[in-house]
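Below is one structure, written out as structure tokens, with a few remarks after it.
Number of protein chains: 2
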Amino acid sequence: MSNKDHNSSEQPVPEDACNRLLDAAEKLFCKKGFHAVSVRELTTGAGCNIAAVNYHFGGKEKLYTEMFRRQFETMIQGHLEAIDRVMSEPNPSLEKLLWAVMEPPIRRVMNNETGGKILRLLVREVLDQKIDSEYIARDIKEKLFDRLGQVFMELVSGLPEEKITLIVMSFDGVILHPFLFMEFYQKTIPGLTVEQLIEHMVKFVASAIRGYAKS
Amino acid sequence: MSNKDHNSSEQPVPEDACNRLLDAAEKLFCKKGFHAVSVRELTTGAGCNIAAVNYHFGGKEKLYTEMFRRQFETMIQGHLEAIDRVMSEPNPSLEKLLWAVMEPPIRRVMNNETGGKILRLLVREVLDQKIDSEYIARDIKEKLFDRLGQVFMELVSGLPEEKITLIVMSFDGVILHPFLFMEFYQKTIPGLTVEQLIEHMVKFVASAIRGYAKS
DNA sequence: ATGCATTTCAAACGACTGTTTCAAACAATA
DNA sequence: TATTGTTTGAAACAGTCGTTTGAAATGCAT
């Protein structure tokens, strides 16, 4: 992992083979899934030799796992920071929280930016059961879902504590949907903007949670 | 496709190789995905020779497509019939409708019955983009989602028509979630019953929709 | 039973898979 | 410059993939 080049001007850091492979892995695995991507596809995509995958990562599967782990933790961290940011503001509300949690990832997926397909990756992982799903599940539950349930109860009084986990689950379902079916959204509702979509989701989930509190 | 056997007693119709292959395809493709299942796995699972896949269907891909088409249409039909059943009853309500649409598939997936993994298959298909997703999307939209939006408006007055599609989308997200993460549900909420889960989802979605109507 | 079409079977096909090999190129230290 | 450790390269590896083949088996009407 050397850095002979002085990285003089415009080029935004020429990555080494290791990171180029991780980038190509993210793009290709997210789009086509583990089995549908060959090592040769990865290496030509990353502009390096076939042997690089085994040299740097010890195999195709290890590269996949490493890529997944990084994306996964980035996602969890992003959500947690968004929650903390809202909750430390003067007048936190359920709507502000929902907006803060939903907006960044939705914006990424609608603009086809990097990291916008993490949830697709996660769903694919659950479907394929490649990585030990215990690890993923425990992380999501303990780090993210429990925290979400906690702030929901802080922001909305009267929520039944024993139903909080289910509420967070359904909230997750609402978020997940546009991630999986974004193309469907854009074909079915032409001209749909990020703001319209997020506004709808915030309204939908907020109504659901507040309705839950009243009964 | 002969039927020499008189199908005398207890055996519930010994299927021919064609249908045995379709059954094995449903089970294996749903569980592991297209690329992760080999033709040899399929044929040994169906109890027939390797060549049978190419003889009867013309290849692995054709078998997959045929299996998907059948499962997909079965699902759509089941939902439409549930909707019509509720709407033709004396006092239809939003809650009754939601319950009727959600209960059968959720019960199937929680009891690990056949057909309980259709939605997993559909999501996998969207992720892998193997079948022309135009066809799937158009079918779901025109046959199912439009009908759902229509009955939502009949049952709840004051719903903004331009938001109906988005509402149906989020409703779909809530349904989809336990399909994808049923194991997660059962580990996170031990002793969760079908009734509890459906009751929650009905309450969540009904609150969301009614809250939408009020604003 | 005879002839014909359908279905099954074991075996082999070429193509592609992930991985390994080992020599060449490179970087850094002395 | 000589030496060391690290990284890349082209080629080949053994294995599996989906598909094809042609002969054997079967079903069914004549």
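As they're listed, the protein sequences go chains A and B.
Residues in the first sequence are numbered consecutively from 1, following the working numbering.
Residues in the second sequence are numbered consecutively from 1001, following the working numbering.
Cβ atoms here follow ideal geometry from the backbone N, Cα and C, with glycine treated the same way.
Inset, instruction - Using a Cβ cut-off of 8 Å (strictly closer), state whether Ala208/A contacts chain B. - result: Residue-level contact check: Ala208/A touches chain B, since one or more beta carbons of chain B fall below 8 Å from its beta carbon.
Inset, instruction - Put Phe145/A into one of helix, strand or coil per three-state DSSP. - result: The answer is helix: DSSP assigns Phe145/A an H, G or I state.
Legend entry - 8 Å contact criterion, which Arg147/A and Ile83/A should meet: CB distance rounded: Between Arg147/A and Ile83/A the beta-carbon gap is near 6 Å, inside 8 Å, which marks them as a contact.
Inset, instruction - Determine the extent of the alpha helix (DSSP H) in which Leu42/A is found, giving its start and end residues. - result: Note, Leu42/A: alpha helix (DSSP H), Val39 to Ala46.
Inset, instruction - Please work out which residues of its chain come closer than 6 Å, Cβ to Cβ, to Val1168/B, disregarding the five sequence neighbours upstream and downstream, and give them in chain order. - result: Answer for Val1168/B: Phe1145, Leu1148 and Gly1149, listed in chain order.
Inset, instruction - Could you tell me whether the region 50-65 of chain A touches the region 1058-1067 of chain B, where touching means 3 or more Cβ pairs closer than 8 Å? - result: The region 50-65 of chain A is not in contact with the region 1058-1067 of chain B.
Inset, instruction - Take the Cβ of Leu160/A as the centre, count every other Cβ of all protein chains shown within 10 Å, and call the residue buried at 16 or more, exposed below. - result: Looking at the sequence shown, residue 160/A is not Leu but Pro. Exposed: under 16 other Cβ atoms inside 10 Å.
Legend entry - Test: Met1169/B CB closer than 8 Å to a CB of chain A: Output row for Met1169/B: interface = yes.
Legend entry - Completely contained alpha helix (DSSP H) runs for the region 102-164 of chain A, where each covers 4 or more residues: Listed in chain order, they are 118-128, 133-139 and 146-155.
Legend entry - Buried or exposed by the 16-neighbour rule on C-beta atoms within 10 Å, applied to Ala206/A: Counting Cβ neighbours within 10 Å, Ala206/A comes out buried, since at least 16 surround it.
Inset, instruction - Anything in chain A within Cβ reach of Lys1141/B, meaning under 7 Å, just list it in chain order. - result: Here the neighbours are Thr188.
Inset, instruction - Quick one: list the residues of chain A neighbouring Val1174/B, beta-carbon separation under 7 Å, in chain order. - result: Annotation: Cβ neighbours of Val1174/B in chain A (cutoff 7 Å, chain order): Ser170, Gly173 and Val174.
Legend entry - Short Cβ contact (8 Å threshold) for Lys130/A with Phe34/A: Their beta carbons are under 8 Å apart, which means Lys130/A touches Phe34/A by this criterion.
Legend entry - Contact check, Ala46/A vs Asp23/A, beta carbons under 8 Å: A distance below 8 Å separates the beta carbons of Ala46/A and Asp23/A.
Inset, instruction - State the start and end residues of the unbroken alpha helix (DSSP H) segment that holds Ser1207/B. - result: Element bounds for Ser1207/B: Val1194 to Lys1214.
Inset, instruction - Look at Phe1029/B and Val1037/B and say whether their C-beta atoms are less than 8 Å apart. - result: Yes; because the gap between Cβ atoms is below 8 Å, this pair is in contact.
Inset, instruction - Scan the region 79-94 of chain A for residues whose Cβ lies nearer than 8 Å to a Cβ of chain B and list them as they occur along the chain. - result: Residues: none.
Inset, instruction - For the alpha helix (DSSP H) containing Gly1058/B, list its first residue and its last residue. - result: Element bounds for Gly1058/B: n/a, residue is neither H nor E.
Legend entry - Among His1200/B, Ala1025/B, Lys1032/B and Phe1072/B, the one whose alpha carbon lies nearest that of Ser1133/B: The alpha carbon of Ser1133/B has as its nearest neighbour, out of His1200/B, Ala1025/B, Lys1032/B and Phe1072/B, the alpha carbon of Phe1072/B.
Legend entry - Alpha-carbon spacing of Val13/A relative to Ala1213/B, whole angstroms: Confidence at Val13/A is low in this model, with a pLDDT of 47, below 50, so the placement of that residue is unreliable and no value is reported for it.
Inset, instruction - Give the residues of chain A in contact with Tyr1212/B, contact being defined as C-beta atoms less than 8 Å apart. - result: Near Tyr1212/B (Cβ distances below 8 Å), the residues of chain A are Lys203, Phe204 and Ser207.
Legend entry - Any chain A beta carbon closer than 8 Å to His1056/B: So, not an interface residue.
Inset, instruction - State yes or no: is the beta carbon of Asp128/A nearer than 8 Å to at least one beta carbon in chain B? - result: Contact of Asp128/A with chain B is assigned, a C-beta pair being separated by under 8 Å.
Inset, instruction - Check whether the Cβ of Thr188/A lies closer than 7 Å to any heavy atom of the ligand NAP, and answer yes or no. - result: Summarising the ligand content, the structure contains no ligands, and the ligand NAP is consequently not present.
Legend entry - Closer than 8 Å to chain B by CB, Pro12/A: Note that Pro12/A scores a pLDDT of 44, beneath 50, so its modelled location is shaky; the value from the coordinates is reported in the next line. It does not: the Cβ of Pro12/A has no partner Cβ on chain B nearer than 8 Å.
Legend entry - Thr1114/B versus Arg1020/B - alpha carbon distance: If you take the alpha carbons of Thr1114/B and Arg1020/B, they lie about 14 Å apart.
Legend entry - Residue interval of the alpha helix (DSSP H) (run including Ala1025/B): Run containing Ala1025/B: Ala1017 to Lys1032, per the alpha helix (DSSP H) assignment.
Legend entry - Partners in chain B for Arg120/A, counting only beta-carbon separations shorter than 8 Å: What Arg120/A touches in chain B: Leu1127.
Inset, instruction - For Glu1089/B, name the three-state secondary structure that DSSP assigns. - result: Note: Glu1089/B maps to coil in three-state DSSP.
Inset, instruction - Flag this pair as yes or no: are the beta carbons of Leu1127/B and Arg120/A separated by less than 8 Å? - result: Closer than 8 Å, so yes.
Legend entry - Any C-beta of chain A under 8 Å from that of Ala1137/B: Yes, Ala1137/B counts as interfacial toward chain A.
Legend entry - DSSP-derived helix/strand/coil call for Gly1078/B: Judged by DSSP in its simplified three-state form, Gly1078/B adopts helix.
Legend entry - Per-residue contacts from Arg1124/B into chain A (C-beta, under 7 Å): Ordered by position in chain A, the residues that pass the 7 Å Cβ test against Arg1124/B are Leu127.
Legend entry - Candidates Lys163/A, Phe152/A, Met182/A and Asp172/A: closest to Leu94/A by CA position: Of the candidates Lys163/A, Phe152/A, Met182/A and Asp172/A, the one whose C-alpha sits nearest the C-alpha of Leu94/A is Phe152/A.
Inset, instruction - Determine the chain B residues that contact Thr165/A at a beta-carbon separation under 8 Å, and present them in chain order. - result: By Cβ distance, chain B contributes Thr1188 and Ile1189.
Legend entry - Spatial distance of Glu199/A from Ile1209/B (CA atoms): Take the alpha-carbon of Glu199/A and the one of Ile1209/B: they are about 14 Å apart.
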